[in-house]
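Data block below; observations after.
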Amino acid sequence: MKRYLVFALVGPFVGGFLLLLTTTYQSGYWTEAHLGEVGKLIVVFFKTLQYSYLFGFLPSLMIGAIDDILLHVRRVGPLLRMLLVGLLAFVLAAFTYGSRGADSGAVQFILYGLVGFVPAVLSSWLVHHYVEEPRPATAAS
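Per the numbering used here, the sequence shown starts with residue 356, numbered consecutively.
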């Protein structure tokens with residue numbers, strides 16, 4: 356249960372911040388902004404944090420469930436599990452948030468993919484290091 360709590364708390368927080376950074380970059384905000392604009396970005400992040408949790412709660416729990424399933428596969432070690440969970444979250448976020456119009460491209464695909472990859476890998480790493488994981492049962496010979 357702690358695994359899902361970590362994914363539910365960390366995923367929307369980090370993913371929401373990365374989504375805000377990605378959308379501000381895609382809009383061209385940072386070409387005209389100076390260092391003083393970072394304060395406005397932080398204010399917007401905390402004002403919209405409730406929506407990050409509203410819309411990011413279930414996807415984070417789904418990624419946590421996949422992490423939990425991969426935990427019980429004996430051949431999948433912790434690093435491979437983090438990578439697989441991150442890659443799946445990368446693809447899902449890139450196709451969910453990225454557009455397929457004239458402005459789409461590799462940069463947009465990668466930036467929106469990182470919105471899913473970073474929180475998934477970070478959550479999986481936190482779970483691996485700070486939550487007790489049950490050992491897979493060994494078959495009796």
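Quick reminder that beta carbons are idealized off the backbone N, C-alpha and C, glycines included.
Taking the C-alpha atoms as reference points, what is the distance between residue i and residue j?
i	j	result
Thr451	Ala363	19 Å
Lys357	Ser459	38 Å
Ala449	Val398	26 Å
Ser478	Leu409	18 Å
Pro367	Phe401	12 Å
Pro433	Gly411	24 Å
Ala388	Arg430	48 Å
Tyr380	Thr386	8 Å
Val393	Leu438	31 Å
Tyr384	Val428	44 Å
Ser454	Ala461	11 Å
Excluding five sequence neighbours on each side, which residues of the same chain lie with their C-beta closer than 6 Å to the C-beta of residue i?
i	result
Ala475	Ile418, Val440, Gly441 and Ala444
His483	Pro433
Ser496	Its pLDDT being 49, under 50, Ser496 is placed unreliably in this model, and the value from its coordinates should be taken loosely. If we look at Ser496 and ignore the five residues flanking it on each side, it has no Cβ neighbours.
Kindly indicate which three-state DSSP category residue i falls into: helix, strand or coil?
i	result
Leu435	helix
Phe445	helix
Met356	coil
Val486	coil
Thr378	helix
Gly471	helix
Ala363	helix
Ala420	helix
For residue i, tell me which candidate among the options has the shortest Cα-Cα distance.
i	options	result
Val361	Lys402, Gln405 and Leu413	Leu413
Val486	Asp423, Val431 and Val428	Asp423
Ser382	His483, Trp480, Gln463 and Val482	Gln463
For residue i, which residues from the same chain have a beta carbon less than 7 Å from its beta carbon, with the 5 sequence-adjacent residues on both sides left out?
i	result
Thr377	Leu466, Tyr467 and Val470
Ile421	Val440 and Leu443
Tyr359	Leu416 and Gly419
Pop quiz: residue i and residue j are said to be a contact at Cβ under 8 Å. What is the actual Cβ separation, rounded to whole angstroms?
i	j	result
Leu404	Val473	No, Leu404 and Val473 are not in contact; Cβ-Cβ is about 17 Å, not under 8 Å.
Ser415	Gly371	The pair is not a contact, with the Cβ atoms about 10 Å apart (cut-off 8 Å).
Leu481	Val365	6 Å
Leu390	Leu375	The pair is not a contact, with the Cβ atoms about 17 Å apart (cut-off 8 Å).
Arg436	Leu426	7 Å
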